[in-house]
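Going by the numbering used here, 194 is the number at position 205 of the sequence shown; the sequence numbering is gapless. Ideal placement from N, C-alpha and C gives every residue a C-beta, glycine not left out. This one's a predicted model, so the numbers in the text were calculated from it and none came from an experiment. I have placed the structure first, in the form of C-alpha cells, so that the comments after it can refer back to it.
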Amino acid sequence: MSVSFEVYLLAGAYLAWVFGKGILASRRIHNLEDYLLGGRSLGAGLLAATLAATLLGGGASMGIFGRAYVEGPFFLLATLGWYLALILTGLFLAAPIRNSGKATVGELVTERYGPALGLTLTGLSLAYSLGLLAAQLVALREVARILLPDFNPDWILATGTLVVLLYNWAGGFWAVVKTDQIQFFVLAGGFTCLAVLAGQQGWSAPSSQPLTSGARDLAWLFPAFFLGEFLAPAYFMRFAAARSWVQAVRGTVLAGAGLACFFLPIFFWLVLYARERLPGLEAGQALPTLVASFGSVWVSGIMLSALLAAVMSSADSILNAATLVVMHDFHLRKRFHPLRIARTVCLLLGVSAAGLAWLLPDIMQLLLLSYQVWAPSVTVLLAAALFRLVIPSGAAWVIFLAGLVSSLLTGWWGGGSERAIVIGVGASLLAAIPAVRFCRAPPKG
C-alpha cells in the first residue's frame, strides 16, 4: 500500500504538537509532588478525559477490535466489564482512595497488612504496569506495519517510545494529563469519522460470518475484563491526584459511562463493516487495514493520528504510574535530588517495556497475562482495605497466595488467561473467611 506524503505530514504534525504540549507542561513542575501527582489538583473533566484515554489505549482499541473481528462483534460486550469497573469504582472506591492520602496500592497495603506484603504488591504493580505498557508499544508497531509500510516497524516502535519517554521525562504528571486530553478528543473524532464513512459505504451483501461466535467466551471474558482493570496503578494514582473526593467520583463515573455509551456502539458497527468488507485478515491487521481501505488521505492521516493517540495516551499514563510506584513505595522521594531520580526511573521503565514488547509481540496476550497476575492478587485485599474490613497480616498472605497460585496453575494447565483470572479471584475470596477466622488473635482473658 502506498502512503502519500500528506498522511506522513498530518501524523508528524500531530506528534510534534503533542510532544510540544508535553514539554511545555514541564513549566508547572516545581517539586516531586507536581511531577508525580500534579499537586493533587485534578478536576473532574480532566480526570474523566485522562481515565478514558488511558483505558481506550492501543492495546484496548486494536486488541479488542482485532479479536472481535475474528470471533464476532458480540465479543465487544465483554468490554462492558471495563466500563462497569470504572463506574462502580467511581461510585464506591474513588472517594475512599482520595481521602486515604495514599498514592499507590503498595502504600495502602503496607499500612493495612504490613511492609512485606506491601513490597510484594509493589513488585506486582510494576510487572502489571510493564505488561500493559508493552501492549501499547506492540499496538504501535502493528499500526506502523499497515499504515506506514515505508518504515521499519521496529524503528517506529523505538521512535514512539522515545517520544513518550521524553515528554513524560520532562513534564511528568501534567504532561501526561494535558496530552491525554488532546489524545482523547483526537481518538473520539477519528473513530467517529471512520463510522460515518463506513455508514456511507453500507453493505453490499449480508455477511456470511456468524455474528454471535464471539459470545461463547463472554461468561469468562466479561468478569476477566472487569477484574483486570480493577484499581490498576494508573487509575489509583489519578484518584489520589483529584482535587477532592467529589471530583474523583464525578470524573470516574463520567469516564466509564461515556465510553460505554459512545465507543461501544461505534466499535460494534465498525467490526460488522470490517467483517463483511475485509474478510480473512489477522486480528492485529483488522483496524489499520480498515483505515487504509477507504483510500482517503485525510481519513488515513486522522486515523493514524488517532491510533497514535490511543497508544501514547495509555503508554504515558502507565509509565507515569509506574514511576510513582517506584518513587513512593521504595521511599526514593526522600533521597537527595528526588526529581532527578524520578526522571531516571521513568527512562529505565520505558526502555524495559520496549524490550518486553519486542520479545512478546501479542497485544491480547500481554493484556490478559498482566490481568492474570494482578487481579487475583489484589482484588479482595484492596476492597477489604478500602471498606475498612479487618484482616490480619497472616490472613492477607493466605488470600494473596490463594489467588495468585490458583490463577497461575489454571493458566499453566491450559485453562486460558480469562478463566485463570476469574478462578484466581474466586479462590482468594473463598480463602478469605477461613483465613481470617484462623489467623484472628484470640480474645484476652
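Between the options, which has its C-alpha nearest residue i's C-alpha?
i: LEU183; options: LEU119, SER233 and TYR262; result: TYR262
i: ASP23; options: ASN157, GLN236 and ALA116; result: ASN157
i: LEU35; options: PHE228, SER294, VAL235 and VAL166; result: VAL166
i: ALA208; options: THR68, ALA424 and VAL369; result: THR68
i: LEU136; options: LEU293, VAL362 and GLY344; result: LEU293
i: GLN236; options: HIS320, LEU390, SER50 and ALA83; result: ALA83
i: ALA159; options: VAL394, ILE330 and SER359; result: ILE330
i: VAL379; options: SER30, VAL127 and GLY103; result: GLY103
i: ALA105; options: PHE319, PHE427, LEU(-1) and MET301; result: PHE319
i: ILE171; options: LEU113, PRO350 and MET301; result: MET301
i: ALA128; options: GLY403, TRP402, PHE54 and ARG377; result: PHE54
i: ALA384; options: GLY403, ARG429, ALA346 and ALA409; result: ARG429
i: GLU218; options: ALA364, LYS10 and ALA373; result: ALA364
i: TYR360; options: PRO350, ARG324 and LEU397; result: LEU397
i: LEU108; options: ARG426, LEU(-2), PHE389 and TRP401; result: PHE389
i: ARG162; options: VAL175, PHE64, ARG17 and ARG101; result: Correcting the residue type first, residue 162 is Phe in the shown sequence and not Arg. Answer by Cα proximity: ARG17.
i: GLN190; options: ARG101, PRO142, GLY284 and VAL175; result: GLY284
Once you ignore the five residues that flank residue i on each side, which residues in its own chain have a CB closer than 8 angstroms to its CB?
i: ALA194; result: With a pLDDT of 49 at ALA194, under the threshold of 50, the predicted position of this residue should be treated as unreliable, though the coordinate-derived value follows. Cβ neighbours of ALA194 beyond the five flanking positions: GLU265.
i: PHE251; result: ALA177
i: HIS317; result: LEU25, ALA92, THR93, GLY95 and GLU96
i: ALA41; result: PHE173, ALA244, GLY247 and LEU248
Spatial neighbours of residue i within its chain, please: C-beta separation below 6 angstroms, excluding the five flanking residues on both sides.
i: ILE422; result: none
i: ALA124; result: GLY48, ILE352, LEU355 and LEU356
i: VAL387; result: ALA420 and ALA424
i: LEU220; result: LEU371
i: VAL132; result: PRO277 and LEU296
i: ILE307; result: SER118, LEU121, LEU122 and ALA223
i: PRO85; result: LEU375
i: LEU270; result: THR278
i: TRP234; result: ALA84, ARG87 and ASN88
i: SER11; result: Note that residue 11 is Gly in the sequence shown here, rather than Ser. Closer than 6 angstroms at Cβ, skipping near neighbours: TYR156, GLY160, ALA164 and THR168.
Who are the Cβ neighbours of residue i in its own chain at under 7 angstroms, not counting the five residues just before and after it?
i: MET(-10); result: With a pLDDT of 48 at MET(-10), under the threshold of 50, the modelled position of that residue is not reliable, and the figure given next carries that caveat. So the list reads PRO138 and ALA281, once near-sequence residues are dropped.
i: TRP144; result: none
i: LEU358; result: GLY120 and SER406
i: VAL(-4); result: VAL286, SER289, GLY290 and LEU293
i: LEU243; result: ALA33 and ALA37
i: ALA246; result: ILE76
i: ARG332; result: TRP158
i: TYR72; result: GLY245, LEU248 and ALA249
i: ARG408; result: TRP209 and THR399
i: LEU267; result: THR278, LEU279 and SER282
Would you check if the distance between the CB atom of residue i and the CB atom of residue j is smaller than 8 angstroms?
i: PHE257; j: PRO62; result: yes
i: LEU348; j: THR312; result: no
i: THR168; j: VAL334; result: no
i: ALA147; j: ALA343; result: yes
i: ALA38; j: PHE173; result: yes
i: ALA213; j: VAL362; result: no
i: SER30; j: ARG232; result: yes
i: GLY392; j: SER366; result: yes
i: LEU75; j: THR241; result: yes
i: PRO327; j: LEU321; result: yes
i: ALA14; j: ALA164; result: yes
i: GLY46; j: ALA299; result: yes
i: LEU110; j: VAL98; result: yes
i: PHE225; j: GLY70; result: no
i: LEU253; j: LEU44; result: no
Regarding residue i and the ligand FMN, is the C-beta to nearest heavy atom distance less than 7 angstroms?
i: GLY161; result: Within the structure as shown, the ligand FMN is missing, as the structure has no ligands at all.
With DSSP as the reference, please indicate the residues paired to residue i in a beta bridge.
i: ALA230; result: For ALA230, which the question treats as bridged, DSSP gives no partner whatsoever.
i: LEU31; result: ALA231
My understanding is that residue i touches residue j, with C-beta atoms under 8 angstroms, so please give their C-beta distance in whole angstroms.
i: THR368; j: LEU216; result: 6 angstroms
i: VAL314; j: GLY95; result: 6 angstroms
i: LEU259; j: ALA187; result: 6 angstroms
i: VAL414; j: ALA272; result: Not a contact, Cβ separation roughly 26 angstroms.
i: ILE291; j: GLY179; result: 5 angstroms
i: ALA346; j: LEU126; result: 4 angstroms
i: LEU4; j: VAL153; result: Wrong, their Cβ atoms sit about 10 angstroms apart, outside the cutoff.
i: ALA373; j: SER395; result: With a Cβ gap of about 18 angstroms, ALA373 and SER395 do not count as contacting.
i: ARG134; j: PRO350; result: No, ARG134 and PRO350 are not in contact; Cβ-Cβ is about 10 angstroms, not under 8 angstroms.
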